[in-house]
Amino acid sequence: MRDSLLLLWLAIGLGLRLLDLGTLPPWTDECATLVFSLGNSFRSVPLNEPISADILLQPLQPNPEAGVGDVFQHLMGESTHPPVYFTIAHGWMRLFPPVNGLASIGAARLLPALLGTALIPAIFACCRFAFGSRTIAHLAAAMMAVSPFAVYLSQEARHYTLAMLFIVASLTCLVRAIRAIVGKDTFPGWVAEIWIVVNSLGIAVHYFFALTLCAEFLVLVGLTLAVARSHLDALSKAPWRNVYLAIAGTLAGGLVWVPVWQGVYGSNLTDWVADGSPGTVEPLLRLLAWSIATIVLLPLDRFALPTWAVWGFGIATIAFLAWAVPLLCRGIKLQMERNDRRLPMQVLGGVVLAAIALMLGLTYGLQKDLTLAPRFGFIYFPAAIAVIAASLSSFLDGNLSEKVTGNERSSRRFWDSDHRPKYSVAIVLGMAAIGSLTVANHWGYLQTHRSDRMANLIYETSDAPVLIAVTHRHHGDTGRMMGLAWEFHQFQSFKPSWDRPPQFLLAHQGDDAHSSDNPTLTLREVVDRSPRPIDVWAVNFNAQIDLAGKKCDRDEEIEVEIAEYRYKLYHCFSS
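Every number in the numbering used here is 26 more than the matching position in the sequence shown, counting from 1.
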């Protein structure tokens, strides 16, 4: 009966991940997933001249002639990501017909949604093995099913859910290895070989998987040296020999990507991680906000909700955290007091702390702010779910819950988690589920680049023909405009009155001062040649705008940013 609960968690998790899956237009990175998975290239999009939405969207049209070789060629030549997920997605997208002539964004998101659902039984198996507890395993599966962060990553047409599947498998092998070392038991060679394959494939899915491996290595070294420091001769005996094999094999599987990493480090595609504020507390606050979404994410979208509602949900979030954080800390403490739970708690909790330390080290040490995007939390998220599940299980274990409540019998408040432990677990899971509904309805703060909102603003504001201009450095800028073009493409179906499809200008901006590309001059020349009247929307235009003498007036009444699109509007007249 208890194992049948896993089917319930699967059903809930799948249902949450499929909610409203294909509604939003693809954002920048999802456009990259679509283009490369189809075997197409961004380089076919013309630069420095006005183009229609149809031309801009051509790379999103399925190409029956493209094969896996094209996927690999364009991905390696234009992107900074490894090929495994994109080659899988290439075969996947062939199963679905185009929608209005373009690849189906719903189909593209369905693959990671299914992989995200597979994380539910995966984390169940990992925790069942690590803790030897069905209760913890079920709680981990339930948390994975309803966690807002898990649903967020599962609804993105990206490779994070596949990477997390490999992380769960790698964590299971890590627990097996440390358990063998601490218990002076055997660590079979076949487990080491599986670990090597898992780690190598994980790196080939997402390079940041290597950060998880670094965290695992730190935990492996720290825990085993703490145990074996008085018996250093044991480091040359079993089970260490197979552990060394796993380490060596993983290094070999990672080193093959070093030449690619060297190119990634200097690529302008990764320049954005240097745009944070690594000398301030902002990265810590961002990391806290992303981490909170593991268990709670109430509607906080100021563009979709009235101010009073945002404030109300914000206060409710703080109140919930003020209650839940001590609860979880108490549960962790109780688990650490149990001899049979201490080791897996140290391993999995250590991975979480080590991964966060590595992220902050890169942020503050190398000025590469990995807290700018919530998605990078995937490197420690599965381990965090396991730790949270173990903590919550403390309040479902009869002996432990009695130990807690016995110390505070005088308290009878309902919200006292020590008095009604089972209600406490239900409240945490319920709040997480509400957070998942927030994500599915796009009312949270995790989604980025809402091109639907920018497109609607243009639609509602401009009566004249529209030119949308952006500075172009790489395919990320192209993808950002593709999201807008995608939404305008949909206007043909649900806004038939739209009779002024915009033109797009991707004004190329060179990487150095000696480049002949001048986006300021390009925009001036294009505006000068354009028929009047025309509304010029400079969207994320990272260069000086000089339309002096072109009979263009800046609209000062509109805001300058919406849904991470920065913009300026100029009304250009004939006289």
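Beta carbons: idealized from backbone N, C-alpha and C, even for Gly.
These numbers come from a predicted model, not from an experiment.
Identify whether residue i lies in helix, strand or coil by the three-state DSSP scheme.
i	result
Y593	strand
D395	coil
A278	helix
V492	strand
T320	coil
L44	helix
L331	coil
D297	helix
W266	helix
H185	coil
L34	helix
M77	Checking the sequence shown, residue 77 turns out to be Ile, not Met. Correct three-state label for I77: strand.
T306	coil
R580	strand
L532	strand
G39	helix
W441	Here W441 scores only 42 on pLDDT, less than 50, and its place in the model should not be relied on; the value that follows carries that caveat. W441 falls in the coil class under three-state DSSP.
W563	strand
H498	strand
E551	helix
I571	coil
V125	strand
E219	helix
E587	strand
Report buried or exposed for residue i, applying the criterion of at least 16 other Cβ atoms within 10 angstroms of its Cβ.
i	result
V465	buried
N126	exposed
N433	Note on N433: pLDDT 45, under 50, position unreliable in the model; no value is reported.
R212	The sequence as given places Thr at residue 212; Arg does not occur at that position. Exposed: under 16 other Cβ atoms inside 10 Å.
S600	exposed
R499	buried
I484	buried
T198	buried
S477	buried
P528	buried
C578	buried
G337	Sequence check: residue 337 is Trp here, not Gly. By the 10 Å Cβ count, W337 comes out exposed.
D554	exposed
C57	buried
S488	buried
R328	exposed
W512	buried
Rounded C-beta distance between residue i and residue j? I'm assuming under 8 Å.
i	j	result
L353	S450	6 Å
S420	L360	4 Å
P52	I131	5 Å
R184	T59	6 Å
M507	L82	6 Å
L200	L246	7 Å
V552	P76	6 Å
R248	G376	Looking at the sequence itself, residue 248 is Gly, so the reference to Arg does not match. Yes, G248 and G376 are in contact; Cβ-Cβ is about 7 Å, under 8 Å.
A167	L33	10 Å between Cβ atoms; not a contact.
L237	I405	5 Å
L493	S556	6 Å
A218	V110	In fact, because the Cβ distance is near 22 Å, the residues do not count as touching under 8 Å.
T143	G228	With a Cβ gap of about 19 Å, T143 and G228 do not count as contacting.
I560	A490	6 Å
Assuming contact is defined by CB atoms lying nearer than 8 Å, are residue i and residue j in contact in what I supplied?
i	j	result
L86	H534	no
S63	F112	yes
V322	V378	no
P214	A319	no
L295	T504	no
L396	G357	no
F402	F234	yes
L145	T187	yes
Q181	L384	no
D572	H597	no
I584	L595	yes
V565	V496	yes
D423	G158	no
Y9	H501	This structure cannot speak to residue 9, because the chain is shown only from 27 to 601.
F514	A79	yes
A92	G117	no
Touching or not, the segment 171-184 and the segment 454-467, by the rule of three or more beta carbon pairs under 8 Å? yes
Quiz prompt | Contact between the segment 220-229 and the segment 183-193 (3+ Cβ pairs under 8 Å) | solution = Contact between the segment 220-229 and the segment 183-193 is present, with at least three C-beta pairs closer than 8 Å.
For the structure I just gave you, are there three or more beta carbon pairs, one from the segment 344-358 and one from the segment 197-217, closer than 8 Å? no
For the 8 Å Cβ check, are there 3 or more pairs between the segment 143-161 and the segment 95-105? Look at the beta carbons and you see the segment 143-161 not touching the segment 95-105: under three pairs across the two are nearer than 8 Å.
message: Tell me whether the segment 131-142 and the segment 33-44 touch, counting them as touching only if at least three CB pairs, one residue from each stretch, are closer than 8 Å.
response: yes
Give a yes or no on contact between the segment 396-410 and the segment 234-247, applying the rule of three or more CB pairs nearer than 8 Å. yes
inquiry  = Check whether the segment 365-373 and the segment 459-479 are in contact - that is, three or more C-beta pairs closer than 8 Å.
reply    = no
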